[in-house]
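There are 2 protein chains.
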Amino acid sequence: MTRPARVSPDRILAAAALEFSERGYAGARVDRIARRAKVNKAMLYYHFSSKQGLYRTLLRQTFGAVAIDLERIAVSGLAPADMLDQAIAALATFIATHTYFPSIMLREVADGGLHLDADTLGALASVPTAFGAILEPGIRQGVFRPMHPVAAYFTTIAPILMFVASTPVRKQLSRRRLMPAAVPLLTPETFLEDLTESLQRAFAAPVTT
Amino acid sequence: MTRPARVSPDRILAAAALEFSERGYAGARVDRIARRAKVNKAMLYYHFSSKQGLYRTLLRQTFGAVAIDLERIAVSGLAPADMLDQAIAALATFIATHTYFPSIMLREVADGGLHLDADTLGALASVPTAFGAILEPGIRQGVFRPMHPVAAYFTTIAPILMFVASTPVRKQLSRRRLMPAAVPLLTPETFLEDLTESLQRAFAAPVTT
DNA sequence: GTCTATACCCTGATAGAC
DNA sequence: GTCTATCAGGGTATAGAC
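Protein sequences, first through last, are from chains A and B.
For my numbering, add 1119 to where a residue sits in the first sequence, where the first one is 1.
For my numbering, add 1119 to where a residue sits in the second sequence, where the first one is 1.
Have a look at this one:
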């Protein structure tokens, strides 16, 4: 039984996740990733061959993991409304355990997939595909109204990603008192409740009595 | 009457908008902005003093312009549901005439406002503030359900930004056939209709007969 | 206001010993 | 697998003539 020494590649990936999420692909510095991972740069190149290679590996793994979480829900056999609740909760949980995910996703969308190869793009595509599979039974059964799955996907995931990723900006705005004093603080919990409620209503088919 | 020669600063801003939206702050190259604006680099530095200064000027103007469009709707005196329709349409129109806006907004959120000064952050904050003013009468009158304005803001604007900004990625996915063949193409028009419908239902107060 | 040439730093990547 | 030293290229910014 070979016990592969994965510890250093894994530490590099973890450090890269932080750095890429904070600075984006172009803003990320290989030196900083190496320092954060407590490896020297040569080690990093030994394992991932280039900044781009490291980036792609990280994104492929991350997108793949999100898709798997969603696919589990799609085949759970739950009622449509419960599946939607679960999907939102799964995204929130994934983000809570992979805090780097929202900003990386947002940036990659803004970058137009510039740094991605076919494999990584495929992993990226598997996320909306899985989400579509979650909604499909509800639409087919007439519990959800007919919607384009991709439209529903963006309507669901975009607010979550943007809300979480915007935490630092919102903190700055509140610290500098740039938002109206009347606006109360918005916690992640309140936001998720609000959003879940919104999406359930948004997707529900009109009652035809 | 002095006729200020604004032509070259304006061309530089237009070129910067393109470059920053395609590559982000860190990925943008001053050389490329100058070349795109058909000015030489020294001219650019003469007008904006630094890459950061140029970036902040662009963002301050852009965020300010969006906020003004929304503020007009907030004071229009329309019915709450019509104001919401108008707000979504205004965002769509602004994006159609300022195609660089979505990716810049997405990236800035991901960057945590790192490159912004107080003025620019203030302009950024004026967007959700204006959106909150649009929803407030509806909530007060009981036409919309009680929601946190910032939650409603993200629920509305995030899908629009992400859908538009994702056009290049979605094109790539469809060109490389990485989405299930069953998923039809999603046009901006269909998306906006779907989203408008979704948000009206999401925000409407439950009917209490 | 406009341009050319250039300083100077930083960054991704590698060579080569161990 | 791990490390030190280093290079080559490209990046922001400025000097200084017109």
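Every residue gets a Cβ at the ideal spot worked out from N, C-alpha and C, and that includes glycine.
message: Here's the rule I'm using: 16 or more other beta-carbon atoms within 10 Å means buried, otherwise exposed. How should valine 1194 of chain B be labelled?
response: exposed
- prompt: Can you tell me where the alpha helix (DSSP H) with glutamine 1260 of chain B in it begins and where it stops?
  reply: From DSSP, glutamine 1260 of chain B is part of no alpha helix (DSSP H); its letter is neither H nor E.
- request: Using a Cβ-Cβ cut-off of less than 7 Å, list which residues of the region 1133-1147 of chain A approach chain B; keep chain order.
  value: Arg1142, Gly1143, Ala1145 and Gly1146
query: Using a Cβ-Cβ distance under 9 Å, would threonine 1327 of chain B count as near chain A?
result: Not closer than 9 Å to any Cβ of chain A, the Cβ of threonine 1327 of chain B fails to qualify, so no.
query: Is it buried or exposed for glutamate 1312 of chain B, if we count other Cβ within 10 angstroms and need 16 for buried?
result: By the C-beta density criterion, glutamate 1312 of chain B is exposed, having fewer than 16 other C-beta atoms within 10 angstroms.
message: Looking only at its chain, what residues have a beta carbon closer than 8 Å to the beta carbon of methionine 1120 of chain A, apart from the 5 residues adjacent to it on each side?
response: Annotation note: pLDDT 49 at methionine 1120 of chain A (below 50); position unreliable, coordinate value reported separately. Once the five neighbours on either side are set aside, methionine 1120 of chain A has no close Cβ partner at all.
task: Return the Cβ separation of leucine 1225 of chain B and leucine 1225 of chain A in integer angstroms, given the expectation that the two are a contact with Cβ distance under 8 Å.
output: 5 Å
- request: For valine 1227 of chain B, count neighbouring C-beta atoms within 10 Å of its own C-beta (all shown protein chains included) and say buried if the count is 16 or more, exposed if not.
  value: For the record, residue 1227 of chain B in the displayed sequence is glutamate; it is not valine. When all chains shown are included, glutamate 1227 of chain B counts as buried.
field: Closest by C-alpha distance to phenylalanine 1273 of chain B, when choosing among B/Thr1286, B/Leu1254 and B/Gln1260
entry: B/Leu1254
field: Check whether isoleucine 1223 of chain A and phenylalanine 1167 of chain A have beta carbons under 9 Å apart
entry: no
message: Suppose you measure from the CA of alanine 1244 of chain B to the CA of proline 1303 of chain B; what does that come to, to the nearest Å?
response: So the two alpha carbons sit approximately 37 Å from each other.
Secondary structure of alanine 1323 of chain B, DSSP reduced to three states: In this structure, alanine 1323 of chain B counts as strand in the three-state DSSP scheme.
- prompt: Given that a residue counts as buried once 16 or more other Cβ atoms are within 10 Å of its Cβ, and exposed if not, what is glycine 1196 of chain A?
  reply: Exposed: under 16 other Cβ atoms inside 10 Å.
task: Please report the residue range of the alpha helix (DSSP H) in which glycine 1146 of chain A lies.
output: 1126-1146
- prompt: Which chain A residues sit within Cβ distance under 8 Å of leucine 1254 of chain B?
  reply: The contacting residues do not exist; leucine 1254 of chain B stays about 12 Å from chain A at best.
- prompt: So, using beta-carbon positions, are tyrosine 1165 of chain A and glycine 1146 of chain B closer together than 9 Å?
  reply: No, these two residues do not count as a Cβ contact at 9 Å.
task: Identify which residue in B/His1234, B/Ala1321, B/Leu1280 and B/Val1288 has its Cα closest to the Cα of alanine 1341 of chain B.
output: There is simply no residue 1341 of chain B to check, as chain B begins at 1120 and stops at 1328 in what is shown.
task: Say whether the region 1147-1157 of chain A touches the region 1228-1239 of chain A, bearing in mind that this needs 3 or more beta-carbon pairs closer than 8 Å, one atom from each stretch.
output: no
task: Indicate whether at least one CB of chain B lies closer than 9 Å to the CB of glycine 1251 of chain A.
output: yes
task: Verify whether the separation of the beta carbon atoms of alanine 1269 of chain B and glycine 1251 of chain B is less than 9 Å.
output: It should be noted that the sequence gives valine, not alanine, for residue 1269 of chain B. Going by C-beta atoms, valine 1269 of chain B is nearer than 9 Å to glycine 1251 of chain B.
- request: Kindly indicate the opening and closing residues of the alpha helix (DSSP H) around serine 1169 of chain A.
  value: Where serine 1169 of chain A is concerned, there is no enclosing alpha helix (DSSP H), given that its DSSP letter is neither H nor E.
- request: Indicate whether at least one CB of chain B lies closer than 9 Å to the CB of methionine 1120 of chain A.
  value: Note that methionine 1120 of chain A scores 49 on pLDDT, short of 50, meaning its location in the model is unreliable; the coordinates nonetheless yield the value given after this. It does not: the Cβ of methionine 1120 of chain A has no partner Cβ on chain B nearer than 9 Å.
task: With 9 Å as the limit, tell me which residues of the region 1229-1251 of chain B have their beta carbon closer than that to any beta carbon of chain A; keep them in chain order.
output: Ala1229, Asp1230, Gly1231, Gly1232, Leu1233, Leu1235, Ala1237, Leu1240, Gly1241, Leu1243, Ala1244, Ser1245, Pro1247, Thr1248 and Gly1251
- prompt: How do the region 1315-1324 of chain A and the region 1198-1209 of chain A stand: do at least 3 beta-carbon pairs fall below 8 Å, yes or no?
  reply: With a cut-off of 8 Å, the region 1198-1209 of chain A and the region 1315-1324 of chain A count as touching, because enough Cβ pairs lie within range.
CB contact below 9 Å: phenylalanine 1310 of chain A versus chain B: yes
- prompt: Is arginine 1294 of chain B buried or exposed, if buried means 16 or more other CB atoms sit within 10 Å of its CB?
  reply: exposed
task: Within 10 angstroms of the Cβ of alanine 1301 of chain B, are there 16 or more other Cβ atoms? Answer buried if so, exposed if not.
output: Exposed.
message: If I follow the unbroken alpha helix (DSSP H) through arginine 1295 of chain B, where does it start and stop?
response: Where arginine 1295 of chain B is concerned, there is no enclosing alpha helix (DSSP H), given that its DSSP letter is neither H nor E.
Close beta carbons around alanine 1249 of chain A, own chain, < 7 Å, minus the five adjacent residues each side: Ala1186, Leu1189, Glu1190 and Ala1193
query: Under 9 Å, do leucine 1177 of chain B and valine 1288 of chain A count as touching if we go by C-beta distance?
result: no
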